Structures are given as structure tokens and as C-alpha cells.
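Here's the structure we're looking at; comments come further down.
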Amino acid sequence: MLEELLCPDSVAVVGASNTPGKVGYAILKNLLDGGYQGKIFPVNPGSPEILGVTAHKDLKSLPQKLDLSVIAVPTAAVKGAVYDSVSAGAKAIIVITAGFKETGREGAEMEREIARHCSAMGVRLLGPNCLGFINTHHKMNVSFSRQTPVEGTMSVISQSGALCTAILDWAESRQLGLGKMFSIGNKADINEVDLLKVLQKDEKTRVIVCYLESIDNGNDFIRAAEDASSVKPVIVLKAGTTTAGVKAASSHTGSLAGADVAYGSAFKRSGVLRAETFEALFDYAVALNMQPLPRGRRTAVITNAGGPGIMSADALENSGMVVARLSEKMAGELKKKLPAAASIGNPIDVLGDADPQRYAMAVTAAQGDDSVDAVIVILTPQSMTRPTETARAVAECAGAGGSKPLLASFMGGSQVIPGRKELMAAGIPDYTSPERAVAALKAMCEYSEWRHRPQRMVTRFPVNRIRVQRVVSRHVKTGRMQVGEVQAKEILRAYGFHVPEGRLAKTLGDALETAERVGFPVAMKISSPDIIHKSDIGGVKLNLTTRDMVRDAFELMMMRIPARSPQARIEGVYVEKMAKKGLEVILGMNRDPQFGPMLMFGLGGIFVEVMKDVAFHLAPITAGEAMQMLTATRSYQLLKGARGQSGVNLDAIAEGLQRISQLATDFPEVAELDINPFMVGEAGEDAVVADTRITLRVAERGAA
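Going by the numbering used here, the sequence shown opens with residue 62, and the numbers climb by one from there.
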């Protein structure tokens, strides 16, 4: 797969130059300086020799068939160079040149034409508008970067060429190696999905690092990322997080679910670790590349100062990690070997005068304690501290005990730099602050937990799909994309939801008869495909306990609402049995254009309106994932019961989310769905749909 791009036997640099500062000069020089062992063909009609290598006036003049063509010529000449490269036998082409779809319609059409030709001829295309490609495992640098990294096991996929150069500089400053670096630019052909598949199978890559601004095919990305994450960590920095996308958000779910929420849900599903900053991207990558995965979240902290130890403990607890409770055996050992003034709790304070041997003893004890899953070593440069020697002593302990992750935070500046270098050279990631070390360790734990997750088993409930198909088909055929409450509840009933008994009343007599039949108290709501927010215009009356109250409510609605919304089609008034009191929650689904149906859960009222305390997950969803959505909210403590209050039926909420997941998966025509409120009682009681809203779309069967 992409062999001619990854490990070509011959490379042409089209637009090669003898002039320093030119892109064609930089690419050829990198290729020569990097030690590439294959055939190199500079192509430039005006130079018989470039950088000491015989040049060719055009691709037709090459003495043999070509594997890889790297094109760095003006935009107007790119198309001809691509066609000539294909004719010369190239099976992979890198277009460095910019000026394509990023510049407008004309550039976009030229890019499509080039990509179509490559596809038709079985040629893979990287770019255009990219930095190029580096493969240290093949001693090949066909980019115009300023430096070539040393060989390593972290590989990079980046949509930004500028960020590639920043990554290269970052790696060089820390003496870290890289494996393969792909600058994918405009992604006319080769994209992040192709490269995830390549790097998943690449035995020389241990960690995959990505900078992405967009994902072209959501479902393909999830599959490729999940496959890759199953064998090695994938860490993504996603830019463009504030763009919500173009969608008609008629529901709570739609208004709260922006594009970034969908990306976050996709990453969670596929085991991708998301980095919020450039620093975090490599904090996580270095830890995962250098250290073993933790068995759990219990962490021991070793420090020579109380303040940083407290900072670490706070960071651990605030991030959901665990400050390990040390075993009695370890506590006893520390008490024997540490000075009397030292703290043998956790954090373990070895005091400001700690020498390298004291640190080594504490690290060895922590690594040997079964109550500890990971160790963080903190050092501050006090007058007695020997950072370099301490780093060496800690590194020796790591080499001897190495089954648990060991991270360090040598805090300070010039005095600790030599120690930091010793740690990194020994494969121990070092961070400038305890908080960054804790964040990296948490990422390791999350990835380890994802790798050891139970097999996904999605429950399929017995439902009446034929009944729903009738309703959906009728609405789509007539162009009525807003499903009224009566038929929306019919859909939910068919999918196993508990819906209060009720009926659409077209006349006052119908309303009175229905109220008597279902039993008081009742709720009454105006029914109109043109009125979404019924309560805003007086279209909802609750807790009506007598015939007179029903009569007054019906007559008032039928008089006032046509006056307030003269264009609305009034079908009647929906009369139903009042739902039992319970906790009001919201269940929802919004169909993301990239990733498909995305489920939402939150409490009603201020929790969703103001605090936006909601959780999202992509469908289809398992029972465990549904329960995780509940625990992910800040209001979970209220759900399960706090301060003597009884909790609610959590299983009913989780099942409701799974049933919506099944409905959304079965019917791609459902664009948005809200159950608001979903009335949830105590454990053992049925949860009831009090109100719902469904929006349809025209969709092909089998679409996401």
C-alpha cells in the first residue's frame, strides 16, 4: 500500500534548482543530504547539473521508469508535470505547489482534474499545497523543511505544512527521532484515512500523531482510526473547533451539537486521544512512545518539595486520576530509609536535601508496590540538589523495574536542563510542570482503558419498524419534514417507549371525550406541523383536572393561536393523560453530516439551557456507553441520589438512549429527534415521554 511513495527506488524532483532559497533546491538538497540510496533525477530544462547531480531537461528524458515524482514548479505548469510524471511510469506523485482549491473555483477545478487523471491511471497523489514527505526509515526527505529528523518511532500526519516544520524543530530541540512525516495539504487524493491504514501496519511506528483541520469521510475515519488505535496510540490535535457547521438547529440537540462535538464523539468512539494544544499533542506522544501503559490510575508522587507535591495531588484528583494509597509494607520501608522529617504518605516528600540515592530508593519502592500503577518524580533545584546525577539514578531504576510508567517533572530552568536531557535520553519523559506530567499520564490511562474495553455489543430491541416506515414515508413523500407530536409519539411507541395515553381532538367534543377516557388530570397541546415551540404562543396547558378546564383550554387555544400564527395549519389539540411527576431529562439525536447520528443526554431546565451540562455519543451505542453518557455529566450525582435523596431509574434513561440509537440507525430519514422532557421516576418505575419533536430529511436507504 503506497509502496512507491513510502520506499521508492527512484525519485524525480521536477523543478529542481541550483538557487538556494528555491523550493526545488531545498527538496533536492534534503534528498541528497539525507542519505537516500535510490536513483535521483533532478528535472530542469535550464540546468545540465544541479547540486552535482546530472539533470534532465524533462521527464521524457529520464533513462528509466520512475517510482516517485516530486513536483515543485509554478501552478500553471503543474498539470503538465503530473501528466508527464504518469507517462514516465510514476506510481506516486507529490505536488508541493500551492494555488489550487485554497485559491478558489478555478484552482479547485484544476486540482480535481489532476486527481481524476491520477486515479484513472492508478497513481497516488500527495498534496497539492504541501511540505512533502519524510521517511527516516528509508533515509528519504522529499520535503522543503529546514532539517531532517533522526530516525525514531513517532510518525506524523499533518494537514498543515507549517506545523510540520514546527514539529521538526520541536523534535530536534529535544533530540527526539521521528519515523515518517506526511504533509497532506489539500488532500486531493491521499488523506488521513489512507495514512492511518499505512501507519497501522508499519512495524517501525509506535505512536501516530495527527494535526487535522477537517475529515473528509467520517465513517471511514472512525473505522481506520479504531483499527489503528487497537495496535498503537493515535493522538490528534483538531483545529477549527469553533465552526459549528451549517445546519437548521430546531432542537436542543441540534443547537448544542456543533461540529467540534461530533469530532470529539468520533475520537472517543475510535480510541483516538485528543490533544487540545500543540504542547499536549507531544506531551502525550512522548509518554506513550517511551513508557509502558499503566494497569490503572493509582499514582505515586515522589518530590523534594511540598508545594509541587500538593500541585501534583490536586492535578491527579481533579483529572480523575487516583493518588495511590501506599501499602503498609512500602510505608514501613520508606520510614526505615528516609529521614524522620520526610513524608511517607503520598506524595512522598524526600526533602530538599535529597541526594540521588534517596530518590532512587523511593522510586524503587514505588515501582515494587502492588498498590501503585504509575510513578511521577518531581525535582526542584535547591542548593543541595544534584539534578543530573539524580536523573541518572532515576533512569537506572526505570531500567531495572520498567513495568510501570515513570514520568518526571524537573521544574526550573538552566539548573535542571542537563538532568532533563539525561531523562529524555533514557526514555523517561520530562515535563516543565507536574500538571503536564499528570495530563500525559491521564492520556496513557485513557488509552490503556480503551484498549482493554469489553467487546462492543449493541442491543437490538424488538420494535415495530413497519409502523414507523409508514409514518416516515408518508411525511417524506408529501414534503412534511416536521413530524407532529401525535405521529412522533406513535414512532416512539413503536420503538418501545412509554407514552401517556392520548388522542388528537379536532372538536371540543373530541377533547372532552378523550379527557374522560384517559382520566384526569390531562395535558393539552396544539397540534400543527408549522408550530415548533408550542408553549411560546400559549399552545400548551398542563394539569387540567375538570371538564370545564378542558373546555376553557380548548376554546382559548382555537381562538388565540390562529390569530397569533395565521399561517400555521392547525390540526387540532392533542389531549393526553398527564405523566407522573419525575425528574425531567432530555434525550436527543442530531445527525451530523460527517459522522452520522449523534446522541445527546442532559437534565432539563437550567442544566441544559444555561449550564449546557450535556453528554454526546455516536450511534450505535452499547448499554455501557449509554451509562457512560450519564456519568459524564456534572449532574450525575443528582441522578444517582445525593445527600439522602433517592436516585432515579438510571437504567430507564440508558435504555431510552439505546432505543433512540436503534431508531436513528434504522431510519436515516430521521435528521433530529428530541424527547423533552423524558420523565424519569425512581428505580423500577417506567420513564415516560412527555413531549417529543422529530425532524426528517430526504435520505437514501443505507445512508448515515
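Note that beta-carbon positions come from the ideal geometry of N, C-alpha and C, so glycine has one too.
As the structure is a computational prediction, the values presented were derived from the model and not from experiment.
The beta-carbon separation of Thr-136 and Leu-192, rounded to 17 Å, does not stay under the 8 Å limit for a contact. Under the rule that a run must span 3 or more residues, the beta strand (DSSP E) segments found entirely inside the stretch 98-141 read 100-104, 129-132. About 12 Å separates the CB atoms of Leu-502 and Met-351; that is not less than 8 Å, and the two are not in contact. Rounded to the nearest angstrom, the gap between the Cα atoms of Glu-389 and Lys-465 is 20 Å. Gln-352 carries a coil assignment under DSSP once its states are collapsed to helix, strand and coil. With respect to the C-alpha of Trp-231, the residue from Gly-107, Val-347, Val-646 having the closest C-alpha is Val-347.
Taking the Cα of Asn-247 as reference, the smallest distance to any Cα among Val-156, Cys-179, Lys-241 is reached at Val-156.
Rounded to the nearest whole angstrom, the CA to CA distance from Ile-88 to Gly-367 is 52 Å. Three or more beta-carbon pairs separated by less than 8 Å are not found between the stretch 164-182 and the stretch 208-228, which leaves the two stretches without contact.
Beta-bridge partners assigned by DSSP to Ile-527: none are found. Leaving aside the five residues that flank Ala-456 on each side, the residues in its chain whose CB is nearer than 7 Å to its CB run, in chain order, Glu-483, Leu-484, Ala-487, Ile-489.
DSSP links Leu-664 through a beta bridge to Val-646. A residue is called buried once 16 or more other Cβ atoms fall within 10 Å of its Cβ, and Ile-409 is buried on that count. DSSP, read as helix, strand or coil, puts Tyr-492 in coil. The three-state reading of DSSP puts Cys-271 in strand, counting E and B together. Residue environment: Asp-609 is assigned as exposed (fewer than 16 neighbouring CB atoms within 10 Å of its CB, all protein chains considered). According to the DSSP assignment, Ala-327 belongs to the alpha helix (DSSP H) that extends over 320-331. Taken atom to atom, the span from the alpha-carbon of Lys-83 to that of Phe-102 is near 17 Å.
Within the DSSP bridge table, the entry for Lys-299 names Leu-273 as partners. For Ala-153 and Asp-128, the gap between their C-alpha atoms comes out near 6 Å. His-559 has its alpha-carbon roughly 40 Å from the corresponding atom of Arg-358. Only exposed fits Gln-236, as fewer than 16 other CB atoms lie within 10 angstroms of its CB. Judged by beta-carbon spacing, Lys-118 lies beyond the 8 Å limit of Ile-175, meaning their Cβ atoms are not closer than that value. Val-529 and Ala-138 have their alpha carbons spaced roughly 57 Å apart. In this chain, Lys-390 is not harboured by any beta strand (DSSP E); it is covered by the alpha helix (DSSP H) spanning 389-398.
Ala-584 is positioned such that its CB atom lies closer than 8 Å to that of Leu-603. The criterion of a C-beta distance shorter than 8 Å is satisfied by Ile-405 and Leu-399.
The C-beta distance from Arg-720 to Gly-557 rounds to 6 Å, short enough to fall under 8 Å. Secondary structure of Thr-441 (DSSP, three-state): coil.
Met-201 is bridged by DSSP to Asn-196. Considering only Lys-265, Val-259, Glu-264, Leu-112, the residue with the shortest C-alpha distance to Ala-286 is Val-259.
Our two residues, Leu-700 and Ile-682, have alpha carbons roughly 20 Å apart in a direct line.
Taking the Cα positions, Ala-181 is about 12 Å away from Arg-173. Lys-586 and Gly-600 do touch by the CB rule: their CB atoms are close to 6 Å apart, below 8 Å. Using a Cβ-Cβ distance cut-off of 8 Å, the stretch 639-648 and the stretch 735-749 are in contact, since at least three pairs of beta carbons, one from each stretch, lie closer than that value. A Cβ-Cβ contact shorter than 8 Å links Met-391 with Asp-430.
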